[in-house]
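Protein chains: 2
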Amino acid sequence: MSKASAARAGERGRLSAADWEIAALEMIGEQGVAAVAVEALAKRLGVTKGSFYWHFASREALIQATLERWEENDILTFERSINLFKEPRDKMRALFRRTREEVHSHVIFCALFMAADHSLVGPVMQRVSERRIEFLCDGFAKLGMSPADALNRARLTYLSYVGFLQYYQQFKSARMSIAELDGYVDHVIDSLIP
Amino acid sequence: MSKASAARAGERGRLSAADWEIAALEMIGEQGVAAVAVEALAKRLGVTKGSFYWHFASREALIQATLERWEENDILTFERSINLFKEPRDKMRALFRRTREEVHSHVIFCALFMAADHSLVGPVMQRVSERRIEFLCDGFAKLGMSPADALNRARLTYLSYVGFLQYYQQFKSARMSIAELDGYVDHVIDSLIP
DNA sequence: CTTTGTCAATACGCAGCCGTATGGTTTAAT
DNA sequence: ATTAAACCATACGGCTGCGTATTGACAAAG
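Protein chains in written order, with this note's numbering: chain A, 679 to 872; chain B, 679 to 872.
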């Protein structure tokens, strides 16, 4: 773990600010935003915190930079993974099935959502949420729904996604089997896509 | 705030374990589980922490007791508020509209869900979630759905509820108006209740 | 070879919070 | 009135985590 991180850091000891941000994001995925502590990250990266304060002014600054990087990247990968399909209905279906894939990004998304009460995290997740709801709203409108219905359906869809992630990530002892999961996603598609 | 708490505590200085649990639950609703610190609660109750350790062995013991009390109470109020209706469809509708009421209990529910990674909170929320999903499942089955569909619809319903709560509680700057909220709940009812 | 810039180690101060120890005060019973 | 139990205050030790200051290692540029 700490080995892998240290190795990826560039192999030659010296670290960059980006390395700290990546480590912070990993930490968020594993133990949440509250666990992003500079001493813990330093140990993980194989250095001491004396180094950290050369790259960042404070722990807050690290979190800020990490979130900015994540948000930018999130926008890109989201749009890229959607534009593979042209038909509106296919687009939506693909989006729904995306829930079952890309585990890593979902873990981080979930951890960030659970830390939405943090002053730096909240605004980010609000922006991300609004973007995704808007995207879904467009999709439902293209499928023939009225503007009002499309917006409400988009909210319902997105919020059920958020709830699902938290449930699935947190209560691992109650996880569904693969078949059950597929059945659930299919049910959601049938229920929410007109 | 601290005045109100101290006043409710019995008016004559002396506190009971229950007073600490109530204060802890208030704190959870306002600032989350992580903010349950004995010194902060002591200040809130107008005493010092010297008193706390007479009632509880540790901070963990307080949280444990608080959660037990909450879970018991949650089961009772949930069942009571549902048994007002007899028709299965009315029951379900009432359940959905409940989202817009009883704000206080929803705030705490949301805060607890966001702390589901806490070792004491997680199992509680898992049990609560499973109970509610099961209840919803029964309801959908009574409305004519197949067992498999009823279970999946129950999951979808409950998880959208969880997501909605978090969104609505956390992103207060993006809150819908009352009319918008009503429109959303109506849409959800039309979409999810057969 | 020296200088400058980059990155890291060590050591320290400080704050918040947990838990303990000890002793003081009130209440109720005898 | 005395005693015992319930309740609370004060003071302390310890841990963790943030941030700073100082010094050191090392490479590239001059």
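Beta carbons: idealized from backbone N, C-alpha and C, even for Gly.
Nonlocal neighbours in the same chain, by C-beta distance under 8 angstroms from F730 (chain B), ignoring five residues either side = On the second sequence, residue 730 (chain B) is found 52 positions in, with the first residue counted as 1. These residues qualify, in order along the chain: W698, V716, L719, A720, L740.
Where P872 (chain B) sits in the DSSP three-state scheme = One-based indexing of the second sequence puts residue 872 (chain B) at position 194. Coil.
Would you say F714 (chain A) and L693 (chain A) are within 8 angstroms of each other, going by their C-beta atoms?
-> Residue 714 (chain A) sits at position 36 when you count from the first residue of the first sequence. Residue 693 (chain A) sits at position 15 when you count from the first residue of the first sequence. The sequence as given places Val at residue 714 (chain A); Phe does not occur at that position. Their beta carbons are not under 8 angstroms apart, which means V714 (chain A) does not touch L693 (chain A) by this criterion.
How about V785 (chain B) and E749 (chain B): are their beta carbons less than 8 angstroms apart?
-> Stepping through the second sequence from its first residue, residue 785 (chain B) is reached at position 107. Stepping through the second sequence from its first residue, residue 749 (chain B) is reached at position 71. No; because the gap between Cβ atoms is not below 8 angstroms, this pair is not in contact.
Whose C-beta lies closer than 6 angstroms to the C-beta of M705 (chain A) among residues of the same chain, with five residues either side of it excluded?
-> Residue numbering aside, residue 705 (chain A) sits at position 27 when the first sequence is read from its first letter. Answer for M705 (chain A): A713, V714, listed in chain order.
For S869 (chain A), decide whether its Cβ has a neighbour in chain B, counting only Cβ atoms nearer than 8 angstroms.
-> Reading the first sequence from its first residue, position 191 is the one you call residue 869 (chain A). True, the Cβ-Cβ gap to chain B drops below 8 angstroms.
Would you tell me roughly how many angstroms separate the C-alpha atoms of N761 (chain A) and S838 (chain B), rounded to the nearest one?
-> Locating residue 761 (chain A) in the first sequence gives position 83, where the first residue counts as 1. Locating residue 838 (chain B) in the second sequence gives position 160, where the first residue counts as 1. Distance between the alpha carbons of N761 (chain A) and S838 (chain B) is about 26 angstroms.
Contact under 8 angstroms by Cβ, G710 (chain A) with A793 (chain A) | Sequence index remark: in the first sequence, residue 710 (chain A) carries index 32 (1-based). Sequence index remark: in the first sequence, residue 793 (chain A) carries index 115 (1-based). Their beta carbons are under 8 angstroms apart, which means G710 (chain A) touches A793 (chain A) by this criterion.
List the residues of chain B whose Cβ lies closer than 8 angstroms to the Cβ of E808 (chain A), in chain order.
-> Here residue 808 (chain A) is taken as the residue at index 130 of the first sequence, counted from 1. Within 8 angstroms Cβ-Cβ: A852.
Report the neighbours of D827 (chain A) on chain B: residues whose CB is nearer than 8 angstroms to its CB, in chain order.
-> Within the first sequence, the letter at position 149 stands for residue 827 (chain A). Residues of chain B passing the Cβ test: H865.
Return the chain-ordered list of same chain residues with a C-beta closer than 6 angstroms to the C-beta of A772 (chain B), the five sequence neighbours on each side being excluded.
-> One-based indexing of the second sequence puts residue 772 (chain B) at position 94. Correct list, in chain order: F763.
Note down, in chain order, every chain A residue with its Cβ under 8 angstroms from the Cβ of D860 (chain B).
-> Looking up residue 860 (chain B) in the second sequence gives position 182. Residues of chain A passing the Cβ test: none, with the nearest at roughly 11 angstroms.
Taking buried to mean at least 16 other C-beta atoms within 10 Å of its own C-beta, is Q824 (chain A) buried or exposed?
-> Counted from its first residue, the first sequence places residue 824 (chain A) at position 146. The displayed chain sequence assigns Ser, not Gln, to residue 824 (chain A). Looking at its Cβ environment, which holds fewer than 16 other Cβ atoms inside 10 Å, S824 (chain A) is exposed.
Check whether the Cβ atoms of F734 (chain B) and A695 (chain B) lie closer than 8 angstroms to each other.
-> For the purposes of this step, residue 734 (chain B) is taken as residue 56 along the second sequence, with counting starting at 1. For the purposes of this step, residue 695 (chain B) is taken as residue 17 along the second sequence, with counting starting at 1. Yes, these two residues count as a Cβ contact at 8 angstroms.
Inter-residue Cα distance where the pair is T744 (chain A) and I700 (chain A) | For the purposes of this step, residue 744 (chain A) is taken as residue 66 along the first sequence, with counting starting at 1. For the purposes of this step, residue 700 (chain A) is taken as residue 22 along the first sequence, with counting starting at 1. Distance between the alpha carbons of T744 (chain A) and I700 (chain A) is about 7 angstroms.
Does DSSP classify D864 (chain A) as helix, strand or coil?
-> For the purposes of this step, residue 864 (chain A) is taken as the residue at position 186 of the first sequence. Helix at D864 (chain A).
Based on Cα-Cα distance, which residue from A:F842, A:A852, A:P766 lies nearest to P872 (chain A)?
-> Numbered from 1 along the first sequence, position 194 holds the residue referred to as residue 872 (chain A). Among A:F842, A:A852, A:P766, the Cα nearest to that of P872 (chain A) belongs to A:P766.
Express the C-alpha separation of R758 (chain A) and Q848 (chain B) in angstroms, rounding to a whole number.
-> As a working note, residue 848 (chain B) is residue 170 in the second sequence. As a working note, residue 758 (chain A) is residue 80 in the first sequence. Cα-Cα distance, rounded: 29 angstroms.
Nearest chain A C-beta to G710 (chain B) closer than 8 angstroms, yes or no?
-> Taking the first residue of the second sequence as 1, we reach residue 710 (chain B) at position 32. Output row for G710 (chain B): interface = yes.
Delimiting residues of the alpha helix (DSSP H) encompassing K727 (chain A) = As a working mapping, residue 727 (chain A) is identified with position 49 in the first sequence. Counting along the chain, the alpha helix (DSSP H) containing K727 (chain A) begins and ends at 727-733.
Leaving aside the five residues before and after R632 (chain A) along the sequence, list all residues of the same chain whose C-beta is less than 8 angstroms from its C-beta, in chain order.
-> The structure shown has nothing for residue 632 (chain A), since chain A only spans 679 to 872.
Buried versus exposed call for V799 (chain A) [16 or more other C-beta atoms within 10 Å across all chains shown] = Position 121 of the first sequence holds residue 799 (chain A). By the 10 Å Cβ count, V799 (chain A) comes out buried.
Can you check whether the CB of F774 (chain A) is closer than 8 angstroms to the CB of V863 (chain A)?
-> Numbered from its first residue, the first sequence carries residue 863 (chain A) at position 185. Numbered from its first residue, the first sequence carries residue 774 (chain A) at position 96. Yes. Within cutoff.
What residues in the stretch 787-799 of chain A bring their beta carbon closer than 9 angstroms to a beta carbon of chain B?
-> A789, F791, M792, A793, A794, D795
Could you have a look at H782 (chain B) and say whether DSSP puts it in helix, strand or coil?
-> Within the second sequence, the letter at position 104 stands for residue 782 (chain B). It is helical.
Whole-Å CB distance - F842 (chain B) paired with A832 (chain B), under 8 angstroms assumed = Translated into the one-based positions of the second sequence, residue 842 (chain B) becomes position 164. Translated into the one-based positions of the second sequence, residue 832 (chain B) becomes position 154. Rounded, the Cβ-Cβ distance is 16 angstroms, inconsistent with contact.
Considering only C-alpha positions, which residue in the set A:S797, A:H796, A:L834 is nearest to E812 (chain A)?
-> For the purposes of this step, residue 812 (chain A) is identified with residue 134 of the first sequence, where counting begins at 1. Nearest C-alpha to E812 (chain A): A:L834.
Alpha carbon to alpha carbon, what distance is there between R737 (chain A) and E746 (chain A)?
-> Taking the first residue of the first sequence as position 1, residue 746 (chain A) is located at position 68. Taking the first residue of the first sequence as position 1, residue 737 (chain A) is located at position 59. One C-alpha to the other measures close to 14 angstroms.
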